[in-house]
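Asks: Got a structure for you, questions after.
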């Protein structure tokens, strides 16, 4: 994409930061595994913190495990302009998801400093803790933490090794006793901006390097547990079995059919994790737990699908002689970006003559949590083949730099004194 205006950011530095961070928790040639609050995650936080301080930001790690770099404004009493994303990853993830949002924000703010621009209000660049939710099965932890949206029992959630979130936080030097002091008071965050890879195929399909996000679809996360009766795989007749895995398989397959019924709808549904007990070749499965991830921009349709799933669980449980329980892990409505911020982003793209298509976000982001306390805006960068949460995830240096350039110009417009008439 050719533009007629010289760039304001340092693309070489941005790419170097992305590549260096990707070596922490590296798997295979291009993949990353930095699960939240692990030594790899903390090493990444330490590296990014050093870059923040080198850029001229004051830094801190709060009680939730968030890394925060602050640039003071001319008026420290004004609400903060917050910019960021996350650097934790999926267990089999890529190097761009989340990372370009943190490193792009740092590059944009460092460019402000280097150009002698002091913002009107304070700016905070933030790497939120545990956006992914892959370790403790509940994401957006750091962003929900600072906005007083944590739920009961979150500190006792366990990873697959039995480590609780409380234990993981304390091992990283964070104290849950300080949560209240670390939360932001109402009105203290004025606006939130987030740069992120698209994680989908839309921008590539229309040959656009950067896009304007108009909103985030509402995710519903459930954990379903189906219980039957264990028995010897060789001696219990099929008609007498209470096989929890067979029943779960019927539910999972039917759920997949349900969310595919309307090919024109943006509905997506996924069963991404499954546990079997006692997990033995020659024992009939007694208990199966599996996750359900259901997303849609239309809450009426999503609620209808959830009701259909409950009916399905009743029918299958009755057929196979099972019982079941459902735990709701996450339930969010769609959240739309602020028109005032979208207008600034559009103008920023126009400055470099960059067409800016508009699209919704199926995946959730830290912006979802921030949307409940302030106006927010998001910028997407094209993902090659629409791939994400996989080592082959890729966004080109040129596309990433363009997205960061739009972010920089958006920040600059939002944080300087208005021109006199």
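Numbering (our numbering), first residue to last: 695 to 1115.
Ideal placement from N, C-alpha and C gives every residue a C-beta, glycine not left out.
Whose C-beta lies closer than 6 angstroms to the C-beta of residue 822 among residues of the same chain, with five residues either side of it excluded?
Replies: 760, 780, 836, 837 and 1060
Asks: What residue from 805, 993, 865 and 985 has the CA that sits closest to residue 704's CA?
Replies: 805
Asks: Buried or exposed for residue 798, going by 16 or more other Cβ atoms inside 10 Å?
Replies: buried
Asks: Give me whichever residues DSSP pairs with residue 821 in a beta bridge.
Replies: 761 and 779
Asks: Return the chain-ordered list of same chain residues with a C-beta closer than 6 angstroms to the C-beta of residue 763, the five sequence neighbours on each side being excluded.
Replies: 746, 751, 753 and 819
Asks: Scan the region 795–856 and note each continuous beta strand (DSSP E) run of 3 residues or more that stays entirely inside, going in chain order.
Replies: Segments of the beta strand (DSSP E) lying fully in the region 795–856: 817–822.
Asks: Between the C-alpha atoms of residue 856 and residue 850, what's the straight-line distance to the nearest angstrom?
Replies: 10 angstroms
Asks: Tell me where the beta strand (DSSP E) around residue 969 begins and ends.
Replies: 968–971
Asks: With a threshold of 8 angstroms, are at least 3 pairs of Cβ atoms found where one atom belongs to the region 973–981 and the other to the region 945–962?
Replies: Contact fails: fewer than three Cβ-Cβ distances are below 8 angstroms.
Asks: Quick check on the burial criterion: 16 or more other C-beta atoms within 10 angstroms. Buried or exposed for residue 740?
Replies: exposed
Asks: Closer than 7 angstroms by C-beta to residue 716: which residues in its own chain qualify, once you throw out the five before and the five after it? Chain order, please.
Replies: 726 and 789.
Asks: Taking the alpha carbon of residue 1040 as the reference point, which residue from 787, 833, 1099 and 880 has its own alpha carbon closest?
Replies: 1099
Asks: Is the beta carbon of residue 920 sitting closer than 7 angstroms to the one on residue 941?
Replies: Judged by their CB atoms, residue 920 and residue 941 are nearer to each other than the 7 angstroms cut-off.
Asks: Assuming residue 990 and residue 911 form a contact by the criterion Cβ under 8 angstroms, report the distance between their Cβ atoms to the nearest whole angstrom.
Replies: 6 angstroms
Asks: Between which two residues does the alpha helix (DSSP H) carrying residue 746 extend?
Replies: For residue 746, the enclosing alpha helix (DSSP H) has its first and last residue at 733–749.
Asks: How big is the Cα-Cα spacing for residue 913 and residue 958?
Replies: 19 angstroms
Asks: Between the alpha carbons of residue 943 and residue 756, how many angstroms are there, rounded?
Replies: Each residue's alpha carbon lies about 43 angstroms from the other.
Asks: Please state whether the Cβ-Cβ distance between residue 900 and residue 776 is less than 7 angstroms.
Replies: no
Asks: Could you tell me how far apart the beta carbons of residue 987 and residue 964 are, in whole angstroms, since I believe they sit closer than 8 angstroms?
Replies: 4 angstroms
Asks: Near residue 700, which residues of its chain fall below 6 angstroms by C-beta distance, leaving aside the five closest residues on each side in sequence?
Replies: none
Asks: For the putative contact between residue 1058 and residue 834, defined by C-beta atoms under 8 angstroms, what is the C-beta separation to the nearest angstrom?
Replies: 7 angstroms
Asks: Just the C-alpha distance for residue 858 and residue 737, rounded to the nearest angstrom, thanks.
Replies: Straight-line Cα distance between these residues: approximately 20 angstroms.
Asks: I need the DSSP call for residue 1071, collapsed to helix, strand or coil.
Replies: strand
Asks: Near residue 969, what residues of its chain come up, given a Cβ to Cβ distance below 6 angstroms and the 5 sequence neighbours on each side ignored?
Replies: 983
Asks: Using a 10 Å radius around the Cβ and a threshold of 16 neighbouring Cβ atoms, would you call residue 832 buried or exposed?
Replies: If you draw a 10 Å sphere on the C-beta of residue 832, you find 16 or more other C-beta atoms in it, and that means buried.
Asks: Take residue 1049 and list the residues in its own chain whose beta-carbon comes closer than 8 angstroms to its own, dropping the five residues that flank it on each side.
Replies: 902 and 1043
Asks: Taking only the alpha-carbon atoms, compute the straight-line gap between residue 891 and residue 915 and give it to the nearest angstrom.
Replies: 22 angstroms
Asks: Output needed for residue 976: all residues of its chain with C-beta closer than 8 angstroms, excluding positions within five of it in sequence on either side, in chain order.
Replies: 926, 927 and 928
Asks: Go ahead and pull the three-state DSSP assignment for residue 870.
Replies: helix
Asks: Determine the direct distance from the alpha carbon of residue 933 to that of residue 729, and round the result to whole angstroms.
Replies: 44 angstroms
Asks: What are the start and end residues of the beta strand (DSSP E) that includes residue 913?
Replies: 912–921
Asks: With a cut-off of 8 angstroms on the beta carbons, I'd call residue 877 and residue 842 a contact; round off their distance for me.
Replies: 5 angstroms
Asks: Which value, in whole angstroms, describes the spacing of the CA atoms of residue 749 and residue 719?
Replies: 24 angstroms
Asks: Which residue comes first and which comes last in the beta strand (DSSP E) that contains residue 756?
Replies: Taken as a continuous stretch (DSSP letters only), residue 756 belongs to no beta strand (DSSP E), as it is neither H nor E.
Asks: Do you know how far the Cα of residue 840 is from the Cα of residue 875?
Replies: 9 angstroms
Asks: Return the CA-CA distance between residue 860 and residue 1014, expressed in angstroms with no decimal places.
Replies: 38 angstroms
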